[in-house]
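Novice:
2 protein chains.
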Amino acid sequence: METLLHTSALHASLEDDALNSMNFLNEIAQRFPDAISFAAGRPYEGFFDSGLVHDYLRRFEQYLREEKGYDEAQVRRTLFQYGRTKGIVHELIARHLELDEGIIVDPESVVVTVGCQEAMFLVLRALRADERDAVLAMSPSYVGLSGAARLVDMPVLEVAEGPDGVDLDRLEEAVLGARARGMRPRACYLVPDFSNPSGSQLSLANRHLLLDLAERLDLLLLEDNPYGYFGADGERLPTLKSLDTRGRVVYLGSFAKTGLPGARIGYAVADQRVATATGRVGLLADELSKIKSMLTVNTSPIAQAVIAGKLLTHDCNLYGANEREIALYRDNLRRLLAGLERHFPRDGGSGVSWNVPRGGFFTVLTVPFPADDALLEISARDHGVLWTPMSYFSSDPAAAHQLRLSYSQVTVEQIDQGLERLAALVTSRQPGSA
Amino acid sequence: METLLHTSALHASLEDDALNSMNFLNEIAQRFPDAISFAAGRPYEGFFDSGLVHDYLRRFEQYLREEKGYDEAQVRRTLFQYGRTKGIVHELIARHLELDEGIIVDPESVVVTVGCQEAMFLVLRALRADERDAVLAMSPSYVGLSGAARLVDMPVLEVAEGPDGVDLDRLEEAVLGARARGMRPRACYLVPDFSNPSGSQLSLANRHLLLDLAERLDLLLLEDNPYGYFGADGERLPTLKSLDTRGRVVYLGSFAKTGLPGARIGYAVADQRVATATGRVGLLADELSKIKSMLTVNTSPIAQAVIAGKLLTHDCNLYGANEREIALYRDNLRRLLAGLERHFPRDGGSGVSWNVPRGGFFTVLTVPFPADDALLEISARDHGVLWTPMSYFSSDPAAAHQLRLSYSQVTVEQIDQGLERLAALVTSRQPGSA
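Written as structure tokens, this is what we have:
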């Protein structure tokens, strides 16, 4: 092979910092496979069950026969042929959203996607019409959003998080400031419930105020909700979408944490009305579907059937289907917080502090030394514990002394042992230590 | 819902002609469900079998246990957790390529994708670094390529097909002309075997010449090969990739026609070497993988397992696994050609002519009247037969009098009856008919 391409002649997204950081993290995890990982934001694996996938596929076939009245040829065509670009489980998703979230949507406004990541891409591709268009995101923020934005050359305007997630004043300022500079901020991306990476949750009062602000500023809200069921106290706040009476919210759904990650099924609810030059009015979902037809054509109906089978098995009550997971993540969070209190007592002079999330997968530790890639490598090699530098999620200088701990994929024993290792790392960084 | 977006403020790809044409075609097909369809380029459905999917999944699990030595937890993690961005069936794909195509590749250069469409997008996104970058494609050409190009705002330079597919002189002219205009033609997309829509096949001599030309012009070749197994005479020509000794070919693979469309599994073989600014040299596959991580994260391992199970069931000999399909498409082509001879004898004055493809899914009919959307609607409504206007695939004026007939998804009875209906349509268009 002689041909050499040069990255300078490839798309700039390939030089994305967050991306290269994530690759570094993966590399470290591979080099130190015995390290306890507080790094990966993956769901717990202990409940995976090979047999269930077969049951789910059969359950969906039964649904096609009995509820849809399909004959065997139609069942096979639905599962195995090219299919509807917007997906084949939209009606079940709409049923689930009504039951679990109180979100009432026309199934036609649902676009089933290859994970939530594709849904993000579709929305950003649609909204990035010219070089003025930008998207707002909280800082710190999920790297998947900035990655998708990079692919369509769309600037991400960072808005520093407030105590409960969104700081409304800063958001308004950012929008008006961007407009004054000739930009068109089209949408604001956020995870209102137990955000990644900060674990913050937007209060009910601020949800209403945010919806009002979006209306006033003519802004869409991109609500990403992978963790909403995993509140530690059993209380749930209504999603923005369920409160949205003015079509301001595009809801980005994921079954990776509540269904099965290996199905790679997500979706967008995009019931916004779109007018074409000819005066025809359609749904934003149909515009996203056009983009999807050029990107992945359609989402594997077999993969969709697995998620649909799980939904049907639980009468579309996905919150109920996640009872074990909800309890496990709650117990893990408590264990982690108790361990942090033990290892880093408030008056112990360690200089370590953390936030106390009300649920989700993540908490953020602030430490009195830089938590960078170099330290991560030392942590993995010398102490056997992995975490994620917060600098991956934010350009804020404060993030340089912060790290994200994920407690979703570990056992309680690993939490205890991992925190001991982390404490040893912190001790080794104290002034005066060797 | 009050919010109104306007397509003028959405991305220009949404106004793509080919896309809107395809939507029109789908709409017509839905409005006239009893029409016989020579329009859809879908694989034959008669061999779909629900039970096989379960067998395939179990076969892949067995492979993970026995060949990879995985324990049960690793098996479940591989199938159900987030996974490797480049995919989990790359080794089996490499084994299949060696056996079936004589293509020897490092499995690390394989990126498993959500259908071949995602593979196209990844390559074009990587190659569209700035506004000079363009891709060449034959005219007529598959609309999926122009769709993916639209999503990254990449111009498609059309090169009129020669008798066997690629006209090398015109290709060179197009590249040099584009360079003279300040453009950077990065790659040429083509389907060497039984192209969509024209059914053309590139001769062996021209395959060698094309590879030489690509080397001389410093051009990549994007070889898309969904139909290569479906030669009507049992002879197969070597793929460009198998002849490529200089890293000129990115191979775009699809299992939609040879595996199962509903798995939505495709792949790119991208073994080109890429140098970064820091001097590190990697594989183009790894750059594509980075883009994929921002687009769909990874391809559903469950869907990959279905295809892997089929490969394993047939010892990775996919050509052999498609014996029934190869025979069926061959018989359908013969039946179609015989029917055309019967209905439109050469000296019968109908003014209808067609090409005689050596395999694949498609043939092209030239008719003495415009074969446009208006005629398609008349054809569906008054005559009960569907086809695809060639103007969807080419801006060449000659295409306005051509239509594509697909014979892959029809029975022989439908071919006979469909041609009768088509003949009635042609008769109704003859001068002097009512």
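Protein chains in written order, with full-length UniProt numbering: chain A, 1 to 434; chain B, 1 to 434.
We put the beta carbon where it would ideally sit given N, CA and C, even for glycine.
The structure displayed is predicted, hence computed values, not measured ones.
#1: Quick check: is the beta carbon of A/Glu67 nearer than 9 Å to any beta carbon in chain B?
#2: Which residues bound the alpha helix (DSSP H) around A/Ile104?
#3: List the DSSP bridge partners of A/Asp382.
#4: On the criterion of 16 or more Cβ atoms from any shown chain inside 10 Å, does B/Gln201 qualify as buried, or is it exposed?
#5: For A/Met183, collect the residues of the same chain with a Cβ closer than 7 Å to its Cβ; drop the 5 residues on either side in sequence, then sort them by chain order.
#6: Three or more C-beta pairs closer than 8 Å, one from the segment 385-392 of chain B and one from the segment 342-352 of chain B: is that the case here?
#7: B/Ser289 to A/Lys86, Cα distance in whole Å?
#8: What residue does the beta strand (DSSP E) around A/Cys188 start on, and which one ends it?
#9: Please report the distance separating the alpha-carbon of A/Ser141 from that of A/Met120.
#10: Under 6 Å Cβ to Cβ from B/Glu101, same chain only, skipping five residues before and after it: list those, please.
#11: Given that a residue counts as buried once 16 or more other Cβ atoms are within 10 Å of its Cβ, and exposed if not, what is A/Gly339?
#12: Am I right that A/Leu5 and B/Leu284 are in contact with their C-beta atoms under 8 Å? What's the rounded C-beta distance?
#13: Counting only C-beta atoms, is B/Asp49 closer than 9 Å to chain A at any point?
#14: By how many angstroms is the C-alpha of B/Leu171 removed from the C-alpha of B/Ala375?
#15: Have a look at the DSSP bridge pairing and note the partners of B/Leu136.
#16: Please state the DSSP three-state secondary structure of A/Glu223.
#17: To the nearest angstrom, report how far apart B/Leu64 and B/Thr363 are at their CA atoms.
#18: List the DSSP bridge partners of A/Thr388.
#19: In three-state terms, what does DSSP make of A/Ile88?
#20: If I follow the unbroken beta strand (DSSP E) through A/Phe362, where does it start and stop?
#21: Under three-state DSSP, which class holds A/Asp416?
#22: Going residue by residue through the segment 230-269 of chain B, where are the continuous beta strand (DSSP E) segments of at least 3 residues, counting only ones entirely within it?
#23: I'd like to know if B/Phe230 contacts chain D, where contact means its C-beta is closer than 9 Å to some C-beta of that chain.
#24: Could you name the residues of chain A that B/Ser13 contacts, counting a contact when the two beta carbons are closer than 8 Å?
#25: I'd like the span of the beta strand (DSSP E) that includes B/Arg273, first residue to last.
#26: Give the straight-line distance between the Cα atoms of A/Leu124 and B/Gly144, rounded to the nearest whole angstrom.
#27: Any idea what DSSP makes of A/Gly282, helix, strand or coil?
#28: Roughly how many whole angstroms lie between the Cα atoms of B/Ala29 and A/Asp17?
#29: Taking DSSP as the reference, what is the three-state secondary structure of B/Gly359?
#30: Against chain A, does B/Pro226 count as a neighbour if the rule is that its beta carbon must be under 9 Å from one of theirs?
#31: Would B/Ile378 be called buried (16 or more neighbouring beta carbons within 10 Å of its own) or exposed?
#32: Compute the minimum distance between the beta carbon of A/Leu124 and the heavy atoms of the ligand FMN, and state whether it is under 8 Å.
#33: When you compare the segment 355-372 of chain B with the segment 194-208 of chain B, are there three or more beta-carbon pairs, one atom per stretch, that lie closer than 8 Å?
#34: With 8 Å as the C-beta to C-beta threshold (strictly closer), list the residues of the segment 298-321 of chain B near chain A in chain order.
#35: Give me the Cβ distance between B/Pro391 and B/Asp372, rounded to the nearest whole Å; I'm assuming they're in contact under 8 Å.
#36: Taking a contact to mean a Cβ-Cβ separation below 9 Å, would you say B/Pro43 touches B/Ala256 in this structure?
Specialist: On the basis of the coordinates in this document:
#1: Interface criterion not met: the Cβ of A/Glu67 is under 9 Å from no Cβ in chain B.
#2: Annotation for A/Ile104: no alpha helix (DSSP H) segment contains it, and DSSP assigns it neither H nor E.
#3: For A/Asp382, no pairing in a beta bridge is given by DSSP.
#4: With 16 or more neighbouring CB atoms inside 10 Å of its own CB, B/Gln201 falls in the buried class.
#5: Answer for A/Met183: Arg132 and Ala134, listed in chain order.
#6: Here the segment 385-392 of chain B makes no contact with the segment 342-352 of chain B; the two share fewer than three CB pairs at distances below 8 Å.
#7: Cα to Cα, B/Ser289 sits roughly 25 Å from A/Lys86.
#8: Where A/Cys188 is concerned, the enclosing beta strand (DSSP E) starts and stops at Arg184 to Leu190.
#9: A/Ser141 and A/Met120 have their C-alpha atoms spaced approximately 14 Å apart.
#10: Around B/Glu101: Thr239 and Ser242.
#11: The residue is buried, with at least 16 neighbouring Cβ atoms inside 10 Å.
#12: A/Leu5 to B/Leu284, Cβ: 6 Å. Contact.
#13: Cβ-Cβ to chain A under 9 Å: yes for B/Asp49.
#14: This sequence places Leu at residue 375 of chain B; Ala is not what is there. Going by C-alpha positions, B/Leu375 is about 33 Å away from B/Leu171.
#15: Assignment of beta-bridge partners to B/Leu136 by DSSP yields B/Leu157 and B/Cys188.
#16: Looking at A/Glu223 - three-state DSSP - the assignment turns out to be strand.
#17: Per the coordinates, the alpha-carbon of B/Leu64 lies some 42 Å from the alpha-carbon of B/Thr363.
#18: A/Thr388 pairs with A/Arg404.
#19: Coil.
#20: Phe362 to Thr366 is the extent of the beta strand (DSSP E) around A/Phe362.
#21: DSSP, reduced to helix, strand and coil, places A/Asp416 within a helical segment of the structure shown.
#22: List check, beta strand (DSSP E) in window: 249-254 and 265-269.
#23: No chain D is present in this structure, whose protein chains are A and B.
#24: Result: Arg125, Lys290, Ile291 and Met294.
#25: Its beta strand (DSSP E) spans residues Arg273 to Ala275.
#26: Taken atom to atom, the span from the alpha-carbon of A/Leu124 to that of B/Gly144 is near 20 Å.
#27: Strand.
#28: Their Cα atoms are separated by approximately 47 Å.
#29: Strand at B/Gly359.
#30: False, the Cβ-Cβ gap to chain A never drops below 9 Å.
#31: Exposed, since its Cβ has fewer than 16 Cβ neighbours within 10 Å.
#32: In the structure on display, the ligand FMN does not appear, and there are no ligands present to speak of.
#33: Yes, the segment 355-372 of chain B touches the segment 194-208 of chain B.
#34: Listed by position, the residues of the segment 298-321 of chain B near chain A (Cβ gap below 8 Å) are Asn298, Thr299, Ser300, Pro301, Ile302, Ala303 and Val306.
#35: Correcting the residue identity first, residue 391 of chain B is Ser in this sequence and not Pro. About 7 Å separates the two Cβ atoms, so the contact holds.
#36: Judged by their CB atoms, B/Pro43 and B/Ala256 are nearer to each other than the 9 Å cut-off.
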